[in-house]
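Here's the structure, in structure tokens; my notes come after.
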Amino acid sequence: CSTADLGPISLNWFEELSSEAPP
Amino acid sequence: HSTEQTETADRPACDNLNPGNLQLVSELKNPSSSCSVDVSAMWWERAGAKEPCIVTACEDVVSLWKPLNSLQWEKVHTWHFTEVPVLQIVPVPDVYNLICVALGSLEIREIRALLCSSGDDSEKQVLLKSGDIKAMLGLTKRRLVSSTGTFCNQQIQIMTFADDGSSKDEQLLMPPDETVLTFAEVQGTQEALLGTTTVNSIVIWNLKTGQLLKKMHIDDSYQASVCHGAYSEKGLLFVVVSQPCAKESQALGSPVFQLLVINPKTAQSVGVLLCSLPQGQAGRFLEGDVKDHVAAAVLTSGTIAIWDLLLGHCTALLPPVSDQSWSLVKWSGTDSHLLAGQKDGNIFIYRY
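Chains as they are written, first to last, in our numbering: chain S, 1 to 23; chain H, 24 to 375.
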């Protein structure tokens with residue numbers, strides 16, 4: 001099953017979402 | 024993607040399954056003299072040595088059993104409940120000499136810690152939380168997450184345990200605007216917590232900061248799914264959900280578990296593996312447990328079925344023993360054993 005449909009993948013998703021989310 | 028588009032795990036015929044995957048190790052004969060509601064395995068320290076013990080629960084009694092030898096168990100502690108019945112045991116990893124239980128009638132009303140006094144070794148109970156408790160889960164680092172109330176007045180709280188069973192630290196997580204149904208700690212990403220909601224969303228929190236990081240709506244074919252485990256790898260989240268309401272079809276058989284892949288950055292998701300019953304087996308998901316890459320479920324037929332999520336197919340079927348349907352299945356938290364409970368209260372321990 002291809003993951004191409006899931007969009008760009010980030011290995012640092014947790015840190016990136018934490019810096020973007022409201023405190 | 025709908026369930027129908029998901030890749031189906033191989034569906035071998037029942038005859039091809041190796042019964043040797045499950046070996047009976049020992050048995051607790053009707054330990055509480057009444058119907059069991061839950062079973063769990065945990066470490067308990069006695070005289071300076073940690074032992075792998077079994078905890079059994081029926082509505083009014085929770086018992087701790089220590090191993091006498093490889094075959095026999097001895098009841099060493101019993102806690103009694105006269106007012107509110109026990110609903111389930113809540114295993115908390117990294118905690119020794121302390122059992123958490125949920126109490127209530129249909130809805131969870133209390134969470135209690137069960138422990139023994141250090142002085143006279145007598146059993147005692149500590150009330151940890153009361154109210155309209157919707158979901159809870161024991162987490163690593165001696166923590167317990169619970170949600171109370173519904174979407175507009177929902178409170179999501181992390182408790183950290185002290186040695187005496189009391190809560191030594193409390194922290195709130197930002198609630199989503201939907202009622203949380205289940206929690207799952209994310210293996211592979213420290214401090215990430217995942218939740219499913221009653222309206223088909225998956226939410227992610229940062230346990231350290233309490234931030235709500237993302238809310239992702241998933242396909243309506245996963246309606247009110249219960250999340251049993253979550254793993255993070257190579258930037259993707261792999262989530263195991265059970266399918267109690269999934270429809271049986273000729274092509275897919277009877278789906279019991281499903282593995283979803285989610286990109287947490289884009290909130291896009293896809294089903295990648297559907298764990299269906301082997302051909303010739305009937306039944307739907309009743310209750311189940313997932314540990315690492317193995318998923319076990321009690322089916323409405325009274326049989327227990329096990330899937331290896333890496334191999335992608337059912338690896339063992341355990342039909343009712345002595346004409347007694349199975350009602351409980353749990354993976355041991357102390358070894359690779361499977362704890363299987365019958366309706367009449369007997370508990371069987373299998374090596375997988």
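Using N, Cα and C, we set each Cβ at its ideal position, and we do this for glycine too.
For H:Val-60, the CB contacts under 7 Å within the same chain, skipping 5 residues up- and downstream, are Ala-80, Cys-81, Glu-82, Val-109, Leu-110 and Gln-111 in chain order.
For H:Leu-196, there is no enclosing alpha helix (DSSP H); the residue is part of the beta strand (DSSP E) that begins and ends at 190-196.
Straight-line spacing of the CA atoms in H:Met-65 and H:Ser-292 works out to 35 Å.
Secondary-structure assignment with DSSP links H:Gln-365 through a beta bridge to H:Trp-349.
DSSP, reduced to helix, strand and coil, places S:Leu-6 within a helical segment of the structure shown.
Using a Cβ-Cβ cut-off of 7 Å, H:Val-222 is close to nothing in chain S; its nearest Cβ partner there is about 21 Å away. Comparing alpha-carbon positions, the option among H:Arg-69, H:Leu-126, H:Gly-172 and H:Val-203 lying closest to H:Gly-142 turns out to be H:Arg-69. Residue burial annotation: H:Cys-268 is exposed, with fewer than 16 other C-beta atoms found within 10 angstroms of its C-beta.
The continuous alpha helix (DSSP H) containing S:Phe-14 extends over residues 13-20. Taking C-alpha positions only, H:Gly-311 is separated from H:Leu-235 by approximately 28 Å.
For H:Leu-235, the enclosing beta strand (DSSP E) covers residues 235-240. The alpha-carbon of H:Phe-261 is positioned some 33 Å away from that of H:Lys-366. For H:Ala-320, not one C-beta of chain S is nearer than 8 Å to its own C-beta. For the pair H:Leu-322 and H:Gly-306, the CB atoms are nearer than the 8 Å cut-off.
Residues of the stretch 251-264 of chain H with a C-beta less than 8 Å from any C-beta of chain S: Ser-255, Lys-257, Gly-258 and Leu-259, listed in chain order.
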